[in-house]
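K.L.:
Chains A and B supply the protein sequences, listed in that same order. First residue of the first sequence? That's 1 in full-length UniProt numbering, and the numbers climb one at a time after it. First residue of the second sequence? That's 1 in full-length UniProt numbering, and the numbers climb one at a time after it.
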Amino acid sequence: MDDAKNKTSLKARIQKLGTALSGMVMPNIAAIIAWGLITAIFMAEGWFPNKQIAELIGPMLNYLLPLLIGYVGGRMVYEERGAVVGAIATIGVVVGSQVPMFLGAMIMGPLGGWCIKKLDSIFQDKVRSGLEMIYNNFTSGIMGMLLAIVGVYVVNPVVNTGSMLMGEGVDWIISVHLLPLANIFIEPAKVLFLNNAIGNGILVPLGIQQAASAGKSVLFLLESNPGPGLGVLLAFTFFGKGNAKGSAPGAAFIQFIGGIHEVYFPYILMKPAMFLAVIAGGVTGTFTFQMFGAGLKAAASPGSIIAILAMTPKGSYLGVLAGVVAGAVVSFIIAAIILKHDRSTADEFEAKQQEMAQMKAESKGKETPTNLAPADFSGIKKIIFACDAGMGSSAMGASLLRDKIKKAGITDVSVTNTAVSRLQDEPDLLVVTQVELAERAAQKTPSAVHVQVGNFLNSPRYDEIIARLKTETLINEETGAEPKATTGSELELSNVKEINFIRHDQNIGTSTMAVSLFKDSLHKAGKKVPVKAVRLDELVDSSEHLVIVTKEAKKNLDIRYTNVQVLVVSDLLTDEKLAQIIAGLA
Amino acid sequence: MELKENMILLDQAPATKKEAIRLAGELLVKEGCVDERYIDSMIKRNEDVSTYMGNFIAIPHGTDEGKRFIKKTGISVIQVPLGVDFSNDEQVENLVTVVFGIAGANNEHLELLSQIALYCSDVSNVAKLADATTKAEIINLLKEVG
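(1) List in chain order: all unbroken alpha helix (DSSP H) runs of 4+ residues lying wholly within the UniProt domain "PTS EIIB type-2" (381 to 477) of chain A.
(2) Under a Cβ-count criterion, where at least 16 other Cβ atoms within 10 Å of its own Cβ denotes burial, should Phe253 of chain A be classed as buried or exposed?
(3) To which residues of the same chain is Leu120 of chain A closer than 8 Å at the C-beta, ignoring the five residues directly before and after it?
(4) Let me check understanding here. Comparing Cα to Cα, which of A:Leu221, A:Leu517, A:His261, A:Ala235 lies closest to Ala299 of chain A?
(5) Are Lys216 of chain A and Pro302 of chain A closer than 9 Å when you measure CB to CB?
(6) Write down every uninterrupted run of the alpha helix (DSSP H) in the region 21 to 73 of chain A whose length is 4 residues or greater and which is fully enclosed by it, in chain order.
(7) Using a Cβ cut-off of 8 Å, pull out every chain B residue sitting near Ile91 of chain A, in sequence order please.
(8) I'd like to know whether the C-beta of Asp571 of chain A is nearer than 9 Å to at least one C-beta of chain B.
(9) For the region 507 to 518 of chain A, which residues have a CB atom closer than 7 Å to at least one CB atom of chain B, in sequence order?
(10) Check whether chain B comes within 9 Å of Thr574 of chain A, counting only Cβ atoms and requiring the distance to be less than that.
(11) Would you please verify whether the beta carbon of Ser140 of chain A is less than 9 Å from any beta carbon of chain B?
(12) If I measure Cβ to Cβ from Lys4 of chain B and keep anything under 6 Å in the same chain, skipping five residues before and after, which residues do I get?
(13) If you count every other CB in all the chains shown that lies within 10 Å of the CB of Val96 of chain B, and 16 or more means buried, which is it?
(14) Just to confirm, are Val204 of chain A and Leu219 of chain A a CB contact at a threshold of 9 Å?
(15) Quick one: what does DSSP say His545 of chain A is sitting in, helix, strand or coil?
(16) Interface residues of chain B around Asp403 of chain A at Cβ under 9 Å?
(17) Taking Cβ-Cβ distances shorter than 7 Å, what residues in chain A pair up with Thr16 of chain B?
(18) When the Cα atoms are used, what is the spatial distance from Met513 of chain A to Thr550 of chain A?
(19) Closer than 7 Å, Cβ to any Cβ of chain B: which residues of the region 429 to 443 of chain A, in chain order?
(20) List the residues of chain A that Phe69 of chain B touches, going by C-beta distances under 9 Å, in chain order.
(21) In this structure, how does DSSP classify Leu567 of chain A when only helix, strand and coil are distinguished?
(22) Applying a beta-carbon distance threshold of less than 9 Å, which residues of chain B neighbour Ala273 of chain A?
(23) Name, please, each residue of chain B whose Cβ falls closer than 8 Å to the Cβ of Ser394 of chain A.
(24) So Asp131 of chain B contacts chain A; which residues on that side make the cut at Cβ distance below 8 Å?
(25) Mind listing the chain A neighbours of Thr97 of chain B? Cutoff is C-beta to C-beta under 8 Å, in chain order.
(26) Measure the C-alpha to C-alpha separation of Val496 of chain A and Thr510 of chain A and round it to an integer number of angstroms.
(27) Going by the CB atoms, is the gap between Pro226 of chain A and Glu187 of chain A shorter than 9 Å?
(28) Write down every uninterrupted run of the beta strand (DSSP E) in the region 131 to 193 of chain A whose length is 3 residues or greater and which is fully enclosed by it, in chain order.
(29) Any C-beta of chain B sitting closer than 9 Å to the C-beta of Asp537 of chain A?
(30) Based on Cα-Cα distance, which residue from A:Asn50, A:Met101, A:Met60 lies nearest to Ile33 of chain A?
(31) Starting from Leu400 of chain A, find everything on chain B with Cβ-Cβ shorter than 7 Å and list it in chain order.
(32) Just to confirm the assignment: which complete alpha helix (DSSP H) runs, minimum length 4, are found wholly within the UniProt domain "PTS EIIA type-2" (1 to 145) of chain B?
(33) So that I know if they touch, is there some Cβ in chain A lying closer than 9 Å to that of Val21 of chain B?
(34) Assuming Val25 of chain A contacts Leu234 of chain A under a Cβ cut-off of 8 Å, what Cβ separation, rounded to an integer in Å, is found between them?
(35) I want to see whether chain B comes within less than 9 Å of Pro369 of chain A, judged by CB atoms only; does it?
(36) Let me make sure I understand the geometry here. Which of B:Val84, B:Glu2, B:Lys71, B:Lys72 has the alpha-carbon closest to that of Arg22 of chain B?
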């Protein structure tokens, strides 16, 4: 049992990592495509070389893309605050790096978000109101600064060393003549955006030496072979889902014809198992090139099928094409298997979520609207009030609940507010919304516990939440016995045809509210007796009228009227006697 | 931020909730907190999701898009002693005696709003606000919660 549990949680964790990687890269595919197009069209070897436009290529690759990835990575963890800190942290690894820092960005972005989130969870409820702005800006700023420095001194060297080792590995494999195995290093290195470092840095110089003596070299094909990437993209086209499926065909075109291999890297990163597919494709491709003795006259850059064919010497066409196709087929097959397998587990995962949601819904359906299944509240660490704009109602509700939680001595639960559109799904979350927004909130945060309130200021739900948080067990707070009608006993309630509250200049508001509350209570009790607020001189002196007054007002009433029935209460709105009267009315 | 007398209107009698929201919005406009267009966004927001809070309180404010019409943070108070119904449903009466018009930028309004919330969570306190005959009284009542 425990074993099974561990397995699923490991699986879930790998899935979560995959989701996180794709979550960082997918929103930025547009930027990668923009960069890819600019590179393919305007670089020196491109279709329409343009030096001025080509100046965009370096900064976009080295700064824009990593920063975007870091930003989105931080946002995944902690919304906008996390995003900004993530981006600041990323610049620390980007500057001074020898290679485009995609990997570094994927580390620093979420790390930045996580750090500021942790910091907030410690300090946020200690910040005096009014000082939030100062706190928010300075904590993010200082945290970002520290992380950027860590990036410069720690993460940057680590990633750079890693990429150097990759290069040395390729070098060594070539030196021992096990060429196809070089792709075991080349393919992962490519996906980490080290393709140019390996291609132009190692393979091309060696290839030029070979080509100078033999007229062609297979080394030019190792990195530029578009087959493996094409296979993966085609697999996504046919067997992927969602955004990845939709964007894969376009990416395949840009990669295979345009020669910008970078566009397929995100698809690998979002499903790290895909490394297997490209490695196998690369090894197969290189093996096939060697079998046919194929090679290129010079470096094919970019790695487009057109550029490759243009560099193919006569007599090598068959070998080159065979290697590209073999690479594509092998990587396609493996990628397809991975995707299909993955899909079934994802379905399982979704099915489970639905099951949970259903169970929750069922437990809610059965009970009176004041009860939630007790288990729902275990482990709640965060309460978010969500409203439409995050400006008014949710802020009010949040401050009330925060106050109550504090008074109840609960310290480990934070209460914040936001707009429904900015809700983020996370574990141990309780979301409080108005009934109208419940559906949207549930969509946004399927794994959270949801509570709907009709009345933000005076909801009985608040006390329930507190009680549940405190004990995590259900507290039956329904009042037991009907209150005994003792005070009303001297009144002849069965005669009463109209209830009056007295309105005078000092209590206009109160009398309005008293009438409304009383009417509402009557309505709920299924009784229909008119309730009116009148001025003292407008009252009809009849025993069919029951006048509800405070002690002070009774004196004046007694002077003028003798027949009306009078109930004296200490408070026109909340006095217990009011409920007793309602119970006694016809 | 603190509540000022010029942000309070006593003894108003709007006939509809729309008019009540407009009163609250116009006061925000008059005091330079928001653009005219914010009022429409307040009305729209109330149509989408009622800003009726219970306890005879409503806190009309703009939609998320309406935020761009906010010039500075402000809260207006409209006292409606005879009440105005904020319900969308004919069967239900959501009577409101105090309307708080909200223009919140940068969360500066949260402190005051939270005071209002804490204070108004007791319906007897709302009654005091609804009965107040001077603006100073309202300001002092809300100050009670510290």
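Glycine residues also receive a C-beta, built at the ideal position from the N, C-alpha and C atoms. Every value quoted in this text rests on a predicted model; they were computed, and no experiment measured them.
P.N.:
This is what the structure holds:
(1) As summarised for the UniProt domain "PTS EIIB type-2" (381 to 477) of chain A, the continuous alpha helix (DSSP H) elements at least 4 residues long and confined to that stretch are 393 to 407, 438 to 444, 460 to 471, given in chain order.
(2) By the C-beta density criterion, Phe253 of chain A is exposed, having fewer than 16 other C-beta atoms within 10 angstroms.
(3) According to the sequence shown, residue 120 of chain A is Asp rather than Leu. Once the five neighbours on either side are set aside, the close Cβ partners of Asp120 of chain A are Tyr78, Arg81, Thr139.
(4) Looking at the Cα atoms, A:Leu221 is the closest of the given residues.
(5) No. Outside cutoff.
(6) 29 to 42, 51 to 54, all fully within the region 21 to 73 of chain A.
(7) The premise fails here: Ile91 of chain A is roughly 26 Å from chain B at the closest Cβ pair, so nothing lies under 8 Å.
(8) Cβ-Cβ to chain B under 9 Å: yes for Asp571 of chain A.
(9) Asn507, Ile508, Gly509, Thr510, Thr512, Met513, Ser516
(10) yes
(11) no
(12) none
(13) buried
(14) For Val204 of chain A and Leu219 of chain A, yes; Cβs fall inside 9 Å.
(15) strand
(16) Ser114, Ala117, Leu118, Ser121
(17) Correct list: empty, because the minimum Cβ distance to chain A is about 16 Å.
(18) Looking at the two C-alpha atoms, the distance is approximately 15 Å.
(19) Gln434, Glu436, Leu437
(20) In chain order: nothing, as chain A lies at least about 12 Å away.
(21) strand
(22) Result: empty, since nearest Cβ-Cβ is about 40 Å, beyond 9 Å.
(23) Chain B residues near Ser394 of chain A: none, gap ~10 Å exceeds 8 Å.
(24) Gln506, Asn507, Ile508, Gly509, Thr510
(25) Gly509, Thr512, Met513
(26) Each residue's Cα considered, the two are about 23 Å apart.
(27) no
(28) none
(29) no
(30) A:Met60
(31) Ala117, Leu118, Ser121
(32) 17 to 30, 37 to 48, 110 to 120, 123 to 131, 135 to 143
(33) The displayed chain sequence assigns Ile, not Val, to residue 21 of chain B. No, no contact with chain A.
(34) Wrong, their Cβ atoms sit about 19 Å apart, outside the cutoff.
(35) With a pLDDT of 36 at Pro369 of chain A, under the threshold of 50, the modelled position of that residue is not reliable, and no figure is offered here.
(36) With respect to the C-alpha of Arg22 of chain B, the residue from B:Val84, B:Glu2, B:Lys71, B:Lys72 having the closest C-alpha is B:Val84.
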